[in-house]
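Residue numbers (my numbering), protein chains in the order written: chain X, 7 to 129; chain D, 2 to 220. Glycine residues also receive a C-beta, built at the ideal position from the N, C-alpha and C atoms. Presented below is the structure to which this report refers.
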Amino acid sequence: MKRMKVLLVDDEEEFVHTLAERLQLRGIDALGVTKGEEALESLEADPPEVVVLDVLMPGIGGLEVLRRIKGRHPEIQVILLTGRGSEKDGMEGMRLGAFDYLMKPLNIEELIKKMREALGQDR
Amino acid sequence: MKDQEIAYMGRVTAGMTHEFKNVLAIIRESSGLLEDLLTIGQARSFPQREKFLKVLGTIQEQVQRGVDLATHLNRFAHSMDEPWAAVELNEVLGHTLHLLERFARIKKVQLRLVRDSEELIVNTDPFRVRMAVSLCIDSLLETSGEGGEIVIRPRWEEGGEAVLISIQRSGASAETWGGIPADAAGVPGHVLEGLRLQIHALDDPAGVGFVLRIPRGHG
């Protein structure tokens, strides 16, 4: 079976690289970056199937990154990461085309389930 | 305190809870990675594997405890966002009780919320309504002995013009009850007026306490 290809974007470096390693251990091709700008460059060079994107980041924020992804690559599925109490951002993200949003801290199995759902692999 | 000052406090507290959750997220992923390496990686023959897995399990449990605490604190902080808003009282009471659990535990008292099956949406001051409920519970904790429980039961008043919240203490030693006047809750007058909140003393064989009447209000 083809490996799922995921780009993780979060300004917390330890978080994003550790999560990428955990996903790789589960057979998922995951790359972590810590800036919105870096994410946009990375997906032009090597587009993933799913982007897991933090909403609150310095520089280009998550919702702006989402807007640009959906403008150029509408086929890429985006799952947003928000804090509890920030559901408004999650809802706004879904209005802008995100597949769904999850709360931090994450449950890794829930994240994988959500990514599979986004790619229609849940059946 | 003025609305602007309350909103500022809320904003700072909410920001800190977000940062706190980022810290917990890193701890969760780091301990999760160690667990993965011991279970799905190459380290199955690691000599202290079982001990490590047990300790990692404890870390994960405590991370979850921290997440729950931060979530309730975050909700509390966001209650200060708006001086007047539509709130669902079953939910508000649930979060408020979590924040008071520590004080109740010290007095060996159980806090129990009996949620109403209906949605109890009122337009009110989300922060001050929490404060009024907390002060009523605090006064019941302070004026009676250890043990027993405090049961919080919200419901619509007949006619649906207000929500009634009964806060009743039972099971503490009888000599320490002594009857509690409604003003013993210590809710400041301007809060009562601002919320158009009424507090009545409740004294029946099942236990002492208060009934709060919160008008449905308008948006």
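Asked	Found
Consult DSSP for X/His79 and reduce its assignment to one of helix, strand or coil.	coil
Please report whether the beta-carbon of D/Glu30 lies at a distance below 8 Å from any beta-carbon of chain X.	yes
Report the residues of the segment 5–23 of chain D with a CB closer than 7 Å to any CB of chain X, ordered along the chain.	Ala15, His19, Lys22, Asn23
With distances taken between CB atoms, is the gap from D/Val123 to D/Gly195 smaller than 8 Å?	no
Any residues in the segment 135–155 of chain D with a beta carbon nearer than 9 Å to a beta carbon of chain X? Which ones, in chain order?	none
Sorry if obvious, but does the Cβ on D/Leu203 come closer than 7 Å to a heavy atom of the ligand GTP?	Within the structure as shown, the ligand GTP is missing, as the structure has no ligands at all.
Which residues bound the alpha helix (DSSP H) around X/Ala131?	Limits of chain X in this structure are 7 at one end and 129 at the other, which puts residue 131 of chain X out of reach.
Identify the continuous beta strand (DSSP E) that holds X/Lys11 and give its terminal residues.	11–15
So with CB distances below 8 Å, who are the chain X contacts of D/Leu54?	Ordered by position in chain X, no residue passes the 8 Å Cβ test against D/Leu54, which lies about 16 Å from the chain.
Below 8 Å on the Cβ atoms is my guess for X/Glu54 versus X/Leu87; work out the distance and round it to an integer in Å.	For the sequence presented, residue 54 of chain X should be read as Pro rather than Glu. Between X/Leu87 and X/Pro54 the Cβ distance is about 15 Å, and since that is not below 8 Å, they are no contact.
Quick one: list the residues of chain D neighbouring X/Ile82, beta-carbon separation under 9 Å, in chain order.	Correct list: empty, because the minimum Cβ distance to chain D is about 23 Å.
So, does the CB of D/Ile27 fall closer than 8 Å to a CB anywhere in chain X?	yes
Does DSSP put D/Leu193 in a helix, in a strand, or in coil?	helix
My assumption, with CB atoms under 8 Å, is that X/Ile114 sits in contact with D/Gly33. Please give the rounded CB distance.	6 Å
Cα separation between D/Ile215 and D/Glu89?	12 Å
Between the Cα of X/Glu81 and those of X/Ala124, X/Ala45, X/Leu29, spot the shortest distance and give me the residue it belongs to.	X/Ala124
Given a threshold of 16 other Cβ atoms within 10 Å of its Cβ, counted over all protein chains shown, does D/His73 qualify as buried or as exposed?	buried
Would you please verify whether the beta carbon of D/Leu100 is less than 8 Å from any beta carbon of chain X?	no
State the DSSP-derived secondary structure class of X/Ile66, mapped to helix, strand or coil.	coil
Please report the straight-line C-alpha distance between X/Lys41 and X/Gly65, rounded to a whole angstrom.	7 Å
According to DSSP, is D/Asn124 helix, strand or coil?	strand
Report the residues of the segment 41–70 of chain D with a CB closer than 8 Å to any CB of chain X, ordered along the chain.	Ile41, Gly42, Val64, Val68
Taking the alpha-carbon positions, what's the D/Ala8 to X/Thr24 distance?	36 Å
Taking a cut of 9 Å between CB atoms, which residues from the segment 104–123 of chain X lie near chain D?	Met109, Lys110, Pro111, Leu112, Asn113, Ile114
Identify which residue in X/Arg73, X/Glu19, X/Ala36, X/Leu69 has its Cα closest to the Cα of D/Ile28.	X/Glu19
Determine the DSSP secondary structure at D/Thr59, reduced to helix, strand or coil.	helix
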